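Quick note: the sequence shown uses the UniProt record's numbering, first residue 1, plus one each step. A short write-up of the structure that comes next.
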Amino acid sequence: MPDYFYLTILCVGVIIQIILLIYLFVKGKYYPYFGRDEEDSLKKRIFDIGLNLVIVVSATILSFSRENTELLVLIFFILLIAIVLCVNILNYLSYRKMKDPKIIWQTVTLDLSIIALFLIIKYILP
1 MPDYFYLTIL CVGVIIQIIL LIYLFVKGKY YPYFGRDEED SLKKRIFDIG LNLVIVVSAT
61 ILSFSRENTE LLVLIFFILL IAIVLCVNIL NYLSYRKMKD PKIIWQTVTL DLSIIALFLI
121 IKYILP
């Protein structure tokens, strides 16, 4: 299949993930901590695993592509930055509600891991 098909699947998966996070925050069911909330239903967990699997599989297939690699990497990082910004904003708003400093530390850890990923891809991978 053409790379643009998998790129479209990747974009749609990330957009659905962002919309789902915003919807959960608006409903008051957003869980800002890493890991799973005890109240998560089995249906929601299966949906999350399936959505994340679709994102990972499409990103993996795109990473083995030989054509347009610069464009694909750029689009992948734009999507990654979009979802990280969404999580950062929702974590900040959750922190404003709950005043739990653990949220801030986990958000900083997420940001540092994304910066480390950028550096690894830029300097270590060819």
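Built from N, CA and C at the ideal position, the CB exists for glycine as well. Here the structure is a predicted model, which is why all the values come from computation and not from measurement.
Residue i versus residue j - alpha carbon distance
i	j	result
TRP105	LEU112	11 Å
LYS27	VAL57	30 Å
PHE5	LEU119	28 Å
THR8	ALA59	11 Å
LYS99	ILE55	32 Å
LYS122	LYS44	35 Å
ASN52	SER41	17 Å
GLY13	LEU110	20 Å
ILE103	GLU70	34 Å
TYR107	ILE115	Per the sequence shown, the amino acid found at residue 107 is Thr instead of Tyr. The alpha-carbon atoms of THR107 and ILE115 are separated by roughly 13 Å.
Start and end residues, alpha helix (DSSP H) containing residue i
i	result
LYS102	101-119
- Between the stretch 13-30 and the stretch 71-91, do three or more beta carbon pairs fall short of 8 Å? Between the stretch 13-30 and the stretch 71-91, the count of C-beta pairs closer than 8 Å reaches three or more; the two stretches touch.
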